[in-house]
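Below: one structure, written as structure tokens.
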């Protein structure tokens, strides 16, 4: 089995440049006097308004250089006061990403994600404590103590922190200067023009342009947010409710101590950090990062002033509304599905097109290998919902886009070609006018029968969705006949599992998805898992 997760590992998330931060400082006067403003200009290039700044701003002598120093200072990892979990999540992989690029053909090695220590785990609104500060550890076969069974690398250490001013993530790298000495902290920033700059904290607490090398950046984290490749069961190779780290893994030292916090197979303690818990943390992190809901209120109220979505709309991060719309037409990230008990629905139909009916997954008999099959990303789904809330997309527009190619959740030539047409010229400023443009393009293509042959039920429902003369209620009258027809097509496609020729055809579909994913992320430094 191979790894199922791609998270920092010599890559970075940061989003906007120092100019954005300074502009925000000027715009948000609460508590910032003229004297404070000067200090802000001198320090915010290297600090965001986050948990890293809370601890280190004005205290350069405390900068950690290793993970061990970091976890003690920030009270995370093994220093987290929780007694049930230290929030250390572990996955093993048959490769290493120590240089940022994935290198294959090595022994199974552990990696770890450490989240921010939520001491109020019974409160669903408090999950922000976990995803507001996260760090990652990788292993390497040539690590200093790897020959002794201790392959984890503890410096440099990569950390991401949620910014209170922007609702996006700041990225930091900590370098060791030797035992007993303060470390060096570097912040990596992607400016609005997409250029990368690095700011370093000096011993005097000021910011200078850094010459430190931090490796590849947004080749992995294209949108600047957190990633978890396999975001659902069975969480392949993660320590989870369905998988424990192999007992035969002869780990020692700090690596063994870190891995044991996910699940201690020696039963010396009962603490655990399972991938199914990390899944919930990551889903919440993606939603909050996109929507800017920093308080995670039970009422569901969100702030329209912060978050990746808002920052991109207003032009403070690269791409604009055109980038956000890509999530509905094409794909900007990917997740991956594996067959444990059942075959992923995405192999036969787009689950989002099928919303409103229940498609029963096929049984996984072992005769068809479904391993790390690319599927639609949580990011793109969450972004689509955000755009609906902001009025850039109507629900009927979203449904129509899925019907354009309802057997492909990703890598749809028809949908993605439409995206190029929609953004060919500058988008309108008003959200409703953006939706109107998309509706117009859809309507013209439906009239021209540009999407090829369709069943009558699908064609009728799609035509109603893009007909401005049809009300929502009138379009909805055609929904159930379409869902019934899709259900029939789904069952017919699923029947391929029962024959050798059918399974061969499905294997080609799976391999085609993987080839498209490799084309989407062609560099060695990428978020792709081993497929």
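Numbering (the numbering used here), first residue to last: 3 to 533.
No residue lacks a Cβ here, since even glycine has one placed at the ideal position from N, Cα and C.
- In the DSSP assignment, residue 505 falls within the unbroken alpha helix (DSSP H) covering 502 to 522.
- With respect to the 8 Å criterion, residue 466 and residue 482 are not classified as neighbours on the basis of their beta carbons.
- Remark: C-beta atoms of residue 89 and residue 156 do not approach each other more closely than 8 Å.
- In the structure shown, residue 109 falls within a strand segment according to DSSP collapsed to helix, strand and coil.
- Under the three-pair Cβ rule at 8 Å, the segment 338 to 345 counts as touching the segment 220 to 239.
- Of all alpha-carbon atoms in 349, 163, 425, 445, the one lying nearest the alpha-carbon of residue 507 is that of 349.
- Bridge pairing for residue 412: absent [DSSP].
- About 7 Å separates the beta carbon of residue 165 from that of residue 171, a gap short enough to meet the 8 Å contact definition.
- Less than 8 Å divides the Cβ of residue 352 from the Cβ of residue 404.
- Of the residues 532, 396, 208, the one whose Cα lies closest to the Cα of residue 186 is 208.
- According to DSSP, residue 114 shares a beta bridge with 92, 139.
- With a 10 Å radius around the Cβ and a threshold of 16 neighbouring Cβ atoms, residue 161 comes out buried.
- Taken through DSSP and simplified to helix, strand or coil, residue 57 comes out as helix.
- With contacts defined as CB atoms closer than 8 Å, residue 167 and residue 48 fail to qualify as a contacting pair.
- Residue state for residue 172 is assigned as strand, using DSSP reduced to three classes.
- Burial is judged here by how many other beta carbons sit within 10 angstroms of a residue's own beta carbon; residue 125 has fewer than 16 and is exposed.
- Counting only runs of at least 3 residues, the segment 317 to 343 fully encloses the following beta strand (DSSP E) elements, listed from N- to C-terminal order: 336 to 339.
- For the pair of segments examined, the segment 322 to 336 was found not to touch the segment 194 to 212: the number of CB pairs separated by less than 8 Å stays below three.
- Under the DSSP assignment, residue 154 falls in the beta strand (DSSP E) whose first and last residues are 154 to 164.
- Looking at 254, 83, 265, 313, the one whose alpha-carbon comes closest to that of residue 241 is 265.
- For residue 273, there is no enclosing beta strand (DSSP E), as DSSP marks it with neither H nor E.
- Exclusion of the five residues before and after residue 254 leaves 150, 151, 152 as the residues of its chain whose Cβ lies within less than 7 Å of its Cβ.
- Inter-segment contact for the segment 109 to 128 and the segment 77 to 97 is present: three or more beta-carbon pairs are separated by less than 8 Å.
- Residue nearest to residue 516 within the set 262, 402, 530 is 530 (criterion: CA-CA distance).
- In this structure, residue 228 sits away from residue 137, with a CB-CB distance that is not shorter than 8 Å.
- In the DSSP assignment, residue 203 falls within the unbroken beta strand (DSSP E) covering 198 to 203.
- Closest option to residue 72, judged by alpha-carbon separation, among 127, 344, 397, 159: 159.
- If you draw a straight line from the Cα of residue 357 to the Cα of residue 401, it is about 9 Å long.
- Secondary structure at residue 245: strand, using DSSP grouped into helix, strand and coil.
- Collapsing the DSSP output to three states places residue 63 in a helix.
- Contact check for residue 283 and residue 133: beta-carbon distance about 5 Å, within the 8 Å limit, so the pair qualifies.
- The criterion of a C-beta distance shorter than 8 Å is satisfied by residue 398 and residue 474.
- Residue burial annotation: residue 192 is buried, with at least 16 other C-beta atoms found within 10 angstroms of its C-beta.
- Rounded to whole angstroms, the Cβ separation of residue 310 and residue 393 is 18 Å, and the two are not in contact under 8 Å.
- When only Cα atoms are considered, residue 363 and residue 379 end up about 19 Å apart.
- For the 8 Å CB-CB criterion, residue 323 and residue 278 do not form a contact.
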